[in-house]
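**Student:** The structure that follows is given in the form of structure tokens.
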Amino acid sequence: HLFRLVQLVVEHIMIYRYHVEEPKVAVKGETVHLPCHSPSNNSELISVQWRKNRADDICKWIIGNIAGSLTRDCNPRFTFNRKSFTLSIENIQLSDSGNYSCETTRIVPPPSLHKSSCLILQVRPVLSLSCVKRPDGSPMILCSVEFYPDSLEQLWIRDGDVLNSYYSNKSFNGSFSQQSYLKLPPQTFNDTIYSCWVNHSYLNKPLVANLSSSVCYESEGKFSDITDLFFQCVIYCIYEQSVSPVGVSVTPEPVLHDPLQSEILYSTLGDHHPVPCGPAVVRSFA
8 HLFRLVQLVV EHIMIYRYHV EEPKVAVKGE TVHLPCHSPS NNSELISVQW RKNRADDICK
68 WIIGNIAGSL TRDCNPRFTF NRKSFTLSIE NIQLSDSGNY SCETTRIVPP PSLHKSSCLI
128 LQVRPVLSLS CVKRPDGSPM ILCSVEFYPD SLEQLWIRDG DVLNSYYSNK SFNGSFSQQS
188 YLKLPPQTFN DTIYSCWVNH SYLNKPLVAN LSSSVCYESE GKFSDITDLF FQCVIYCIYE
248 QSVSPVGVSV TPEPVLHDPL QSEILYSTLG DHHPVPCGPA VVRSFA
């Protein structure tokens, strides 16, 4: 009787095994495959559950050797492989970053055997630079960064010097998005390289994006040329409508252009100081 009692107790004991995988690094938009541990060879009936941050259920499966998959349920963009227990995530987003765990439980034969493995999915921040305009038409450089979680450092650099005169705003919509604006000084004959430097807990090295000031000045010039051409066409059309349809000879008057007057060029950027450390000048992507 004692032996039978011990046998019944053993059959209902849950055995736990835990395994930690290496962090998985991903890029926004790609498809990633998260590995899971292998089930026991003698499992006749097993349950599999993928979770995020130990709370959100992503996939639930109960698999039998004879009956096949008894129940299955996965969130959109998530695909479960019933042979390898791998979890695939399509079109990775910054908000997919987090701690993932794969939990398996051997139901038959007893005793129950519970295994759990976990890994961290790290989706790299996305950095971009572009030319924008203020309401008064003056050029600015916009540094946009999308990241998750909220642990970002951002700097503006000009020729190795850190700039302090800029403003930023941050928003959250599943992931964090930060926009930082830097006003450019009046155009000079010298081309200046501006850099946006960011560091994040998911990066081995800081990200740096560079943009030449001439790009923004050229885009400003193209916009001005188009505007001038538009107004010239409007004036010409008004003039054509105002003249009589009978033959009228018009002698164009010469247009005299005053010589260009030199302007005093000055900087509207704020105070700046030397870069305190080496990573600020890193120009390679990890």
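With the numbering used here as the guide, the letters of the sequence shown map in order to residues 8 to 293.
Glycine included, each C-beta is placed from N, C-alpha and C at the ideal position.
All figures in this text were calculated on a predicted structure; none of them were measured in a lab.
Going by CA-CA distance only, name the one from Gly105, Gln56, Ile148 that's closest to Asn88.
**Tutor:** With distances taken between Cα atoms, Asn88 lies closest to Gln56.
**Student:** Are the beta-carbon atoms belonging to Val130 and Asp103 less than 9 Å from one another?
**Tutor:** It is a contact, given that the beta carbons lie within the stated cut-off.
**Student:** By DSSP's criteria, Phe85 is part of a beta bridge. Which residues make up the other side?
**Tutor:** According to DSSP, Phe85 bridges with Ile96.
**Student:** How close, in whole Å, do the beta carbons of Tyr188 and Tyr174 come, if the pair is a contact with beta carbons under 8 Å?
**Tutor:** That pair is a contact at about 6 Å.
**Student:** Quick one: Cα of Ser182 to Cα of Arg79, how far?
**Tutor:** Answer to the nearest angstrom: the Cα atoms are 29 Å apart.
**Student:** Using C-beta distances below 6 Å, list every residue in its chain close to Trp163, excluding the 5 sequence neighbours before and after it, in chain order.
**Tutor:** The answer, listed in chain order, is Leu170, Tyr173, Leu189.
**Student:** Could you tell me the alpha carbon to alpha carbon distance between Lys31 and Gly105, rounded to whole angstroms?
**Tutor:** If you take the alpha carbons of Lys31 and Gly105, they lie about 10 Å apart.
**Student:** Beta-carbon within less than 8 Å of Asp143's beta-carbon, same chain only, minus the 5 sequence neighbours each way: which residues are those?
**Tutor:** There are no such residues.
**Student:** State yes or no: is the C-beta of Leu136 within less than 9 Å of the C-beta of Cys203?
**Tutor:** Yes, the pair counts as a contact, with Cβ atoms nearer than the cut-off.
**Student:** Would Pro117 be called buried (16 or more neighbouring beta carbons within 10 Å of its own) or exposed?
**Tutor:** Exposed: under 16 other Cβ atoms inside 10 Å.
**Student:** Look at the alpha carbon of Ser145 and the alpha carbon of Ser219, and state the distance between them as a whole number of angstroms.
**Tutor:** Ser145 and Ser219: Cα-Cα distance of roughly 16 Å.
**Student:** Just the Cα atoms here: how many angstroms apart are Pro42 and Asp63?
**Tutor:** If I take the Cα positions, the gap works out to 18 Å.
**Student:** Count the other CB atoms within 10 Å of the CB of Arg61; is the residue buried (16 or more) or exposed (fewer)?
**Tutor:** Classification of Arg61: exposed, given that the 10 Å Cβ count is below 16.
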